[in-house]
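Enquirer:
In our numbering, the protein residues as written are -16 to 135.
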């Protein structure tokens, strides 16, 4: 019963405040397959896991996923500004100052998991067409007159 009476330390607790959106396969512009693991990345593998993508770009991958609406922040949550942090490490995924996004094992494992599941695909330098999206705004209406001119 003693463990129930202990206060929970919220300062050091981590909660995933962002989650990946479910949907069709996504080609991330920063996900590039690493065939042989770079020696400089070996220092970062505290868990002993090997990843087939560049873990030193996790902060940039987070930004791209957020921009492309593949990653959704929890309701009412926003990211802190860099000038407020004053050089402290900051994890965008947990919104915590205990570690940086590049060192976030949870986010690293999540990206690795969705790559294995086939939801994220490596960008091999090709531009992919987004055939499942409408290139026009939802409010765009076109009408053709008798001369073949298009009018909005």
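Cβ atoms here follow ideal geometry from the backbone N, Cα and C, with glycine treated the same way.
Spell out whether any CB of chain D is found under 8 Å from the CB atom of residue 96.
Expert: No chain D is present in this structure, which holds just one protein chain.
Enquirer: Does DSSP classify residue 11 as helix, strand or coil?
Expert: Residue state, collapsed to three classes: coil.
Enquirer: Using C-beta distances below 6 Å, list every residue in its chain close to residue 26, excluding the 5 sequence neighbours before and after it, in chain order.
Expert: In this predicted model, residue 26 has a pLDDT of only 43, less than 50, meaning its place in the structure is not dependable; the value taken from the coordinates is given anyway. None.
Enquirer: Report the residue from 38, 8, 5 whose alpha carbon sits nearest the alpha carbon of residue 16.
Expert: Nearest C-alpha to residue 16: 38.
Enquirer: Can you check which of these residues, 88, 100, 103, is closest to residue 146 by C-alpha distance?
Expert: What is shown of the chain runs -16 to 135, which leaves residue 146 out entirely.
Enquirer: Does the beta-carbon of residue 94 have 16 or more other beta-carbons within 10 angstroms, so that it is buried, or is it exposed?
Expert: Under this definition residue 94 is a buried residue.
Enquirer: May I ask which residues mark the beginning and end of the alpha helix (DSSP H) holding residue 137?
Expert: Lying outside -16 to 135, the shown extent of the chain, residue 137 is not represented and no answer is given.
Enquirer: From the DSSP secondary-structure annotation, give me the bridge partner or partners of residue 97.
Expert: For residue 97, which the question treats as bridged, DSSP gives no partner whatsoever.
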